[in-house]
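Just add 7 to wherever you are in the sequence shown, counting from 1, and you've got our numbering. Quick reminder that beta carbons are idealized off the backbone N, C-alpha and C, glycines included. Take a look at the structure set out below.
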Amino acid sequence: MRSEKIVVGKGTEYPLNGLLTLPDDTGQKVPGVVFVHGSGPSNMDEQIYKLTPFKDLAEGLAEHGIASIRYDKRTFVYGKKMNKLNVTAKEETIDDAILAAKLLRECPDVDPDNIFIVGHSMGAMLAPRIDAECGLFRGLILMAGTPYRIEDIMIRQFKQASGGNGVIIKWIAGLEDKIFTKKFDGLYEMPDEEAKRKKFFGSTSLWYFKEMGKKTAAEYINESSKPVLIMQGGKDFQVLKAVDFEGFKEKLKGRLNVEYRLYDKLNHLFVNGIYGEIAKAAKEYKVEQHIGSEVIDDIAEFIKRFAR
8 MRSEKIVVGK GTEYPLNGLL TLPDDTGQKV PGVVFVHGSG PSNMDEQIYK LTPFKDLAEG
68 LAEHGIASIR YDKRTFVYGK KMNKLNVTAK EETIDDAILA AKLLRECPDV DPDNIFIVGH
128 SMGAMLAPRI DAECGLFRGL ILMAGTPYRI EDIMIRQFKQ ASGGNGVIIK WIAGLEDKIF
188 TKKFDGLYEM PDEEAKRKKF FGSTSLWYFK EMGKKTAAEY INESSKPVLI MQGGKDFQVL
248 KAVDFEGFKE KLKGRLNVEY RLYDKLNHLF VNGIYGEIAK AAKEYKVEQH IGSEVIDDIA
308 EFIKRFAR
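What follows is the structure, encoded as structure tokens:
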């Protein structure tokens, strides 16, 4: 394995540092993947406390002869600047993923016809849209995604937290649930300009949710014929096996080239689940762990099987 420093969006207003990870010289062009972050600011490893899922995946896939690009998320590097703008998922995530795919296609060691997208969490929600907008990917891998809108997931998580054990956390989550749920009332009947004016929280407007929610991941997938791998941790408390994973199966019923993998003991970051409670997410993610070979092997097998 070897890694090279790269810049995604070089020459643009938002250049982003990243790493191109390549397998040892194979003497031929190899498949490649672009990693797409979950919600919130995040570095190129998608580091959350002591967990580094994108680093684990990049290094593991390189051992299987698969290249990858990972890069700092735009809000991680330019958060203050972006807080002054009325951004959507397009500016926050989508544009940079497309630039990363174009950069990976230019790598002399990578087969430009065999680029795959690996989206995690919100990145999994956006991966089908990213491909619909650029058409650069051979297949899609969705890790801990959902076929529902992001505001539906947020409201559900508030309700989950309000049912936990901590008195203060329960009170805060219950209050957030009441406040934010009301803000989403009538969102999709609201004129776009009004959605752009109304604030959800901080600098984020309701337009962020309306623009992203016009079409779900499942709807994008149903409009495509590309192969899709949907992966879910059985101990994930952020997106749920019984709701989101099964929801994909229901909404994609009859859609060819969709495969599902469930890992009973793994959490949202595809490491071993410990507490199984959303209120203890930070505590769980502070335990150093790494994505195991089962997950990496399944991704590699999917990529190699559908590579041309």
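### Message
For S300, report the span of its alpha helix (DSSP H) as first-last.
### Response
300-313
### Task
State yes or no: is the C-beta of I316 within less than 7 Å of the C-beta of A307?
Lying outside 8 to 315, the shown extent of the chain, residue 316 is not represented and no answer is given.
### Query
Among N24, E284, G39, G45, which has the Cα closest to the Cα of I157?
G45
### Message
Using DSSP's beta-bridge definition, name the partner residues of G283.
### Response
Its beta-bridge partners do not exist; DSSP assigns none.
### Task
Measure the C-alpha to C-alpha separation of R77 and F61 and round it to an integer number of angstroms.
7 Å
### Task
Would you please state the rounded distance, in angstroms, between the beta carbons of D63 and Y155? I believe it to be under 8 Å.
At roughly 27 Å, the Cβ-Cβ gap does not stay under 8 Å, so D63 and Y155 are not in contact.
### Query
Grouping DSSP H, G and I as helix and E and B as strand, with all else coil, what is F144?
coil
### Task
Could you tell me how far apart the beta carbons of M40 and F123 are, in whole angstroms, since I believe they sit closer than 8 Å?
Looking at the sequence shown, residue 40 is not Met but Val. Right, their Cβ atoms sit about 5 Å apart.
### Backbone secondary structure at A74 - three-state DSSP
strand
### Query
Sorted by chain position, which residues of the same chain lie with C-beta nearer than 7 Å to Y227's C-beta, five sequence neighbours on each side aside?
P135, R136, A139
### Query
According to the Cβ coordinates, are Y21 and R81 closer than 7 Å?
yes
### Task
Within 10 angstroms of the Cβ of V294, are there 16 or more other Cβ atoms? Answer buried if so, exposed if not.
exposed
### Message
Quick check: the Cα distance between F165 and F191, rounded to an integer number of angstroms?
### Response
14 Å
### Query
So which of I285, L26, F207 has the shortest CA-CA distance to A168?
I285
### Query
Do the region 213-227 and the region 126-135 touch if we need at least three Cβ pairs shorter than 8 Å?
yes
### Query
Going by alpha carbons, who is nearest to A69 out of R163, E230, E11?
E11
### Task
Pull up the distance between the alpha-carbon of T19 and that of D103, whole angstroms please.
10 Å
### Query
Three or more C-beta pairs closer than 8 Å, one from the region 269-288 and one from the region 239-259: is that the case here?
yes
### Query
Got a sec, what are the start and stop residues for the alpha helix (DSSP H) E253 sits in?
253-258
### Query
In whole angstroms, what separates the C-alpha of Y267 from that of G47?
26 Å
#### Entry: Closest by C-alpha distance to F42, when choosing among T95, L147, R9
L147
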